[in-house]
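Chains as they are written, first to last, in our numbering: chain G, 103 to 440; chain Z, 103 to 440. No residue lacks a Cβ here, since even glycine has one placed at the ideal position from N, Cα and C. See structure below.
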């Protein structure tokens, strides 16, 4: 294998085959992938959840992960949020001519490891190589399918007045970690991405606790944007207690310096869970016993909209008793965070 | 909506939501997509076929299609080649800041139409916007799932000595059409991409004709490369009759001028079918009665490897009785053809 990626590696010819055999097959190996047909035959029972995400994060490596582990964790989590057990992933790579092959191999190896750790198989894929300057190093798109474990499945439109709102841990780490790496901000050195697969936590929540109304991972746009989406889809009001929202000190101080609101920063290993009040403690116990849920907390409650509040609003109660509306941002200033 | 795409449209905030609502939901609309959860709940029964492809074709519009229709047809076809009925697709867009929104809408609208024509639903998606210069206009990755209709499913490893080799029509049109558009080659004006969904043809082949050993669409690398893959996976020799390989005059003459071999050019609406000799006529009749199979032909036969031929070889018999080895190319000179 040469040291940098050649255009020929995306041609479908021998150079492509070598890349597939030496790189992807060796790190992703499993019997389904090894058939090398145009599509993979899956051993899976319905009903099925299916999701996809494209990953363009820059730089490709950041504290706590890289674009490849993110592509595995993100899609595993998307599928999980339907109360499903993710089983199979596909991976599509768009690579820039001249890409350092050692860097690509490190990414691919870590993807294989992340998939094994999450208990999912990478069963099919695709590789395109575009000429130098036509993309920035590499983009990865994963799609996943899983078996839905409960009926009804959790949905953003199923929040009900009285539901407790839980978050599985501290927020804002991923967004700030990528920003720190990209802009070489030394005062953010202690901040690591929370990138992680949440499928085992989800499985225990839906099977052991049950009656989960909403599950969603607050990725792009952060906790505030995701709660706005849920409140809008369900036609309810979410009331949050600011002092209960878990936040690492390094994230709090980093955001203070940069003028960023951690509630709008991306997370890649956290979930929001809405469920009936009386089940909240059981759900928190499950989260806290999971390696990725040690700092889980109840952060709020769902209300029926009553004037002056309107359906879809997210309201933050401050420790001194004030209230402010957490609106959905128009856009944001952190592109390529995932 | 403004006239060009802003970075904010990929933020996950309000600008993202408007793009999703005004553009994607309006053109892809269906009840599954409309739930807007992180993943889609599918009504599908196993066994299931799953495939993915990334599309980076340049330019995005070419005679006979565009990057969006290609992304629908290509993944519908990949799933179909397992003898499956494609049902659901996901779409992931990576868009360049400043992209002409009118161009994006034309692409998205044509994708919606292509999906409806193929009878598949686009059920989930993702949009990332990267800063200007970080990708070339747009890349689209689709993934698809379908219900496998027969057992055993066709596979590249199931070719058997004695099998007839059929192709569903003339080869080389797609690759040459994209090249002609990219390089403004006026003598290629009559060449159009064959981009098309082959799922209905496949369904009739596997259910009405049956006993289909191999189905594969000869995309990147063309007919020659795909046959090399199949011969290698199955450990057989493919013997082709050059004079029976359907070829449009404009493709033949265009390739002569450019010094290209049409057997190595990409197709996006053709399939190769291997099946027992005695079923060949029935399969050709099915192909020819399909809108995309009018020029279907039997182009060769599978043999057991006997010295001097070796397993995995593809041999072309010329009209005057000569034989030449059609090897798999090392690479090729036509990047970003799909």
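Straight-line CA distance for residue 408 of chain G to residue 267 of chain G? Looking up residue 408 of chain G in the first chain gives position 306. Looking up residue 267 of chain G in the first chain gives position 165. Spanning the alpha carbons of residue 408 of chain G and residue 267 of chain G requires a straight line of approximately 19 Å.
Taking all protein chains shown into account, do 16 or more other C-beta atoms lie within 10 angstroms of the C-beta of residue 126 of chain G, making it buried, or fewer, making it exposed? For the purposes of this step, residue 126 of chain G is identified with residue 24 of the first chain, where counting begins at 1. Around the beta carbon of residue 126 of chain G, 16 or more other beta carbons lie within 10 angstroms, which makes this residue buried.
Quick one, which residues of the stretch 281-292 of chain Z are near chain G if we go by CB-CB under 8 Å, in chain order? Cβ contacts with chain G come from no residue of the stretch 281-292 of chain Z.
Counting contacts by CB-CB distance shorter than 8 Å, is residue 438 of chain Z in contact with chain G? Counting from one through the second chain, the residue named residue 438 of chain Z turns up at place 336. Put simply, the CB of residue 438 of chain Z is near chain G, with a gap under 8 Å to one of its CB atoms.
Using 8 Å as the threshold, is the C-beta distance between residue 316 of chain G and residue 248 of chain G below it? As a position in the first chain, residue 316 of chain G is number 214, starting the count at 1. As a position in the first chain, residue 248 of chain G is number 146, starting the count at 1. Their beta carbons are not under 8 Å apart, which means residue 316 of chain G does not touch residue 248 of chain G by this criterion.
Roughly how many whole angstroms lie between the Cα atoms of residue 326 of chain Z and residue 373 of chain Z? Numbered from 1 along the second chain, position 224 holds the residue referred to as residue 326 of chain Z. Numbered from 1 along the second chain, position 271 holds the residue referred to as residue 373 of chain Z. Taking the straight line joining both Cα atoms gives about 13 Å.
Label residue 110 of chain G either buried or exposed according to how many other C-beta atoms from any shown protein chain fall within 10 Å of its C-beta, with 16 as the threshold for buried. Taking the first chain and counting its residues from 1, the one referred to as residue 110 of chain G is at position 8. By the Cβ-count criterion, residue 110 of chain G is buried, with 16 or more other Cβ atoms from all chains shown falling within 10 Å of its own Cβ.
Just to confirm the assignment: which complete beta strand (DSSP E) runs, minimum length 3, are found wholly within the stretch 224-297 of chain G? DSSP runs (the beta strand (DSSP E)) wholly in the stretch 224-297 of chain G: 240-250, 265-269.
Considering just the uninterrupted stretch of the alpha helix (DSSP H) at residue 336 of chain Z, what are its terminal residues? Within the second chain, numbered from 1, the residue matching residue 336 of chain Z stands at position 234. DSSP places residue 336 of chain Z inside the alpha helix (DSSP H), whose first and last residues are 324-336.
Proximal residues of chain G, C-beta to C-beta of residue 154 of chain Z below 8 Å: Position 52 of the second chain, counting from 1, holds the residue named residue 154 of chain Z. The contacting residues are 192, 193, 194, 226, 227, 228, 243, 245.
What are the residues of the stretch 333-346 of chain G that lie near chain Z, defined by any Cβ-Cβ distance shorter than 7 Å? Residues of the stretch 333-346 of chain G with a C-beta atom less than 7 Å from some C-beta of chain Z are 335, listed in chain order.
According to the Cβ coordinates, are residue 232 of chain Z and residue 410 of chain G closer than 8 Å? In the second chain, residue 232 of chain Z corresponds to position 130, counting from 1. In the first chain, residue 410 of chain G corresponds to position 308, counting from 1. Not in contact: residue 232 of chain Z and residue 410 of chain G (Cβ atoms no closer than 8 Å).
Hey, is residue 171 of chain G's beta-carbon within less than 8 Å of any beta-carbon in chain Z? The residue labelled residue 171 of chain G in the question sits at position 69 within the first chain. Residue 171 of chain G does not count as touching chain Z.
Please identify the residue among Z/254, Z/211, Z/227, Z/208 whose C-alpha is closest to the C-alpha of residue 196 of chain Z. As a working mapping, residue 196 of chain Z is identified with position 94 in the second chain. Comparing alpha-carbon positions, the option among Z/254, Z/211, Z/227, Z/208 lying closest to residue 196 of chain Z turns out to be Z/227.
Below 8 Å, can you find three or more Cβ-Cβ pairs linking the stretch 386-397 of chain Z to the stretch 326-341 of chain Z? Result no; under three Cβ-Cβ pairs closer than 8 Å.
8 Å is my cut-off, CB to CB: does residue 124 of chain Z come that close to chain G? As a position in the second chain, residue 124 of chain Z is number 22, starting the count at 1. False, the Cβ-Cβ gap to chain G never drops below 8 Å.
Would a C-beta distance cut-off of 8 Å place residue 187 of chain G and residue 301 of chain G closer than the cut-off? Here the question's residue 187 of chain G lines up with position 85 in the first chain. Here the question's residue 301 of chain G lines up with position 199 in the first chain. Less than 8 Å divides the Cβ of residue 187 of chain G from the Cβ of residue 301 of chain G.
How about residue 279 of chain Z and residue 322 of chain Z: are their beta carbons less than 8 Å apart? For this step, residue 279 of chain Z is matched to residue 177 along the second chain. For this step, residue 322 of chain Z is matched to residue 220 along the second chain. Result no, Cβ atoms of residue 279 of chain Z and residue 322 of chain Z do not sit closer than 8 Å.
Validate contact between the stretch 393-408 of chain G and the stretch 253-268 of chain G using beta carbons, cut 8 Å, 3 pairs: The stretch 253-268 of chain G and the stretch 393-408 of chain G touch, with three or more beta-carbon pairs separated by less than 8 Å.
For residue 160 of chain Z, which three-state DSSP category applies? Working through the second chain from its first residue, we reach residue 160 of chain Z at position 58. Coil, per DSSP.
Excluding the five sequence neighbours on either side, which residues of its own chain have a C-beta within less than 7 Å of the C-beta of residue 421 of chain G, listed in chain order? In the first chain, counting from the first residue as 1, residue 421 of chain G sits at position 319. Short of 7 Å from the beta carbon of residue 421 of chain G, and not among the five residues preceding or following it, lie these beta carbons of its own chain, in chain order: 344, 345.
Proximity to residue 328 of chain Z [Cα-Cα], best of G/213, G/140, G/237, G/290: Here residue 328 of chain Z is taken as the residue at index 226 of the second chain, counted from 1. Here the closest residue by C-alpha is G/140.
By Cβ distance, which residues of its chain are closer than 6 Å to residue 306 of chain G, with the 5 residues on each side in sequence left out? The residue labelled residue 306 of chain G in the question sits at position 204 within the first chain. Here the set comprises 388.
Rounded distance between the beta-carbons of residue 193 of chain G and residue 173 of chain G, thought under 8 Å: Position 71 of the first chain, counted from the start, is the residue given in the question as residue 173 of chain G. Position 91 of the first chain, counted from the start, is the residue given in the question as residue 193 of chain G. Contact holds; Cβ gap of about 7 Å.
Around the Cβ of residue 443 of chain G, are there at least 16 other Cβ atoms within 10 angstroms (buried) or fewer (exposed)? Lying before the first or after the last residue shown, residue 443 of chain G is absent from chain G, which here runs from 103 to 440.
Contact check, residue 81 of chain G vs residue 255 of chain G, beta carbons under 8 Å: Chain G is shown from 103 up to 440; residue 81 of chain G falls before or after that span and cannot be answered.
Specify, as a first and last residue, the run of the alpha helix (DSSP H) that residue 443 of chain G falls within. In the structure as shown, chain G starts at 103 and stops at 440, and residue 443 of chain G therefore has no counterpart that could be examined.
Distance between residue 203 of chain G and residue 157 of chain Z (C-alpha atoms, nearest Å): To locate residue 157 of chain Z, count along the second chain from 1; it is residue 55. To locate residue 203 of chain G, count along the first chain from 1; it is residue 101. When rounded, the distance between both Cα atoms is 22 Å.
Range covered by the alpha helix (DSSP H) that runs through residue 134 of chain Z: For the purposes of this step, residue 134 of chain Z is taken as residue 32 along the second chain, with counting starting at 1. Boundaries of the alpha helix (DSSP H) around residue 134 of chain Z: 133-136.
Going by DSSP in three states, residue 378 of chain Z sits in which element: helix, strand or coil? For this step, residue 378 of chain Z is matched to residue 276 along the second chain. Residue state, collapsed to three classes: strand.
If you run the structure through DSSP and keep just helix, strand and coil, what is residue 418 of chain G? Position 316 of the first chain holds residue 418 of chain G. Of the three classes helix, strand and coil, the one that applies to residue 418 of chain G here is strand, per DSSP.
Quick check: what's the CA-CA separation for residue 352 of chain G versus residue 123 of chain G? Translated into the one-based positions of the first chain, residue 352 of chain G becomes position 250. Translated into the one-based positions of the first chain, residue 123 of chain G becomes position 21. One C-alpha to the other measures close to 43 Å.
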